[in-house]
Amino acid sequence: MLLSRLRGPVSRYFHHPDPLVRTANMIALVVVFNQPFYPLYLYWFVSPNFEAAYWTFLSTPFFLAVPMVSRMDAMAGRALLPVAGIGNTMLSAKAFGDASGVELFLLPIVLIAFVVFRPKERLHSFALAGLSLAVYMVMHGGYGEPFHRFTAEEYASFIRLNATSVGMLTALVGILASNLIAERGGDPK
Numbered sequence: 001m002l003l004s005r006l007r008g009p010v011s012r013y014f015h016h017p018d019p020l021v022r023t024a025n026m027i028a029l030v031v032v033f034n035q036p037f038y039p040l041y042l043y044w045f046v047s048p049n050f051e052a053a054y055w056t057f058l059s060t061p062f063f064l065a066v067p068m069v070s071r072m073d074a075m076a077g078r079a080l081l082p083v084a085g086i087g088n089t090m091l092s093a094k095a096f097g098d099a100s101g102v103e104l105f106l107l108p109i110v111l112i113a114f115v116v117f118r119p120k121e122r123l124h125s126f127a128l129a130g131l132s133l134a135v136y137m138v139m140h141g142g143y144g145e146p147f148h149r150f151t152a153e154e155y156a157s158f159i160r161l162n163a164t165s166v167g168m169l170t171a172l173v174g175i176l177a178s179n180l181i182a183e184r185g186g187d188p189k
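Residue 88 in full-length UniProt numbering is what sits at position 88 of the sequence shown, and the numbering runs on without skipping anything.
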């Protein structure tokens, strides 16, 4: 009942006439709706010590803001999505340690940076993709002590969880990109 009442307002909030903005909004929506479950995934698949996951909620407002920012400036809204993803990844790497494999999320962020911009906007894509890669190259191993240190076995489970999540996010971005291509009638312009 509650979900059916929320469907209309949520759909209106995330809708946009520009297909690239709609794609960015859809990715942001998926992240927003999945973030509350992340502590549960950690509890079920990694460790009963999942409290550090609550820090990841600090990024939720930024993902939630993507559609609102897009209404004011479509390019800024599309750029906010990978920037929020990079920030969330950095925060997560600090919270869990880079041994968690959470930096793998920087890979689909690179893909997102290329999917949500037009060919004539490639400079923005390259800048955001470059930022994502630079964060990995500069920050990997430089986050200091994590908020919680897990055991080697828990970190192995963490990597499996994050690799699976990265694969699913990459698949979603691929599906959305193929939808964009189909909308254009396969025209690469």
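Ideal Cβ positions, reconstructed from N, Cα and C, are used throughout, including at glycine.
Note that this is a predicted model, so its numbers are computed, not measured.
Closest by C-alpha distance to Leu-91, out of Glu-154, His-148 and Met-168, is His-148. Nearest neighbour of Ser-11 by Cα position, chosen from Phe-37, Pro-67, Phe-62 and Ser-47, turns out to be Pro-67. Remark: fewer than three beta-carbon pairs, one from each stretch, lie closer than 8 Å, so the region 47 to 57 and the region 109 to 120 are not flagged as touching. For Ser-100, the secondary structure class from DSSP, reduced to helix, strand or coil, is helix.
Contact annotation: the region 165 to 183 touches the region 113 to 121, with at least three C-beta pairs closer than 8 Å. If you look at Ala-129, you'll find it in the alpha helix (DSSP H) that goes 122 to 139. Counting the other CB atoms within 10 Å of its CB gives Met-26 a total of 16 or more, which places it among the buried residues. Look at the beta carbons and you see the region 41 to 48 touching the region 154 to 162: at least three pairs across the two are nearer than 8 Å. Per the C-alpha coordinates, the member of Val-31, Phe-50, Ser-70 and Leu-40 positioned closest to Pro-17 is Ser-70. By the neighbour-count criterion, in which 16 or more other beta carbons inside 10 Å mark a residue as buried, Phe-126 falls on the exposed side. Cβ-Cβ distances below 7 Å link Gln-35 to Thr-56, Phe-57 and Thr-60 in the same chain, with the five nearest sequence neighbours on each side left out; the list follows chain order.
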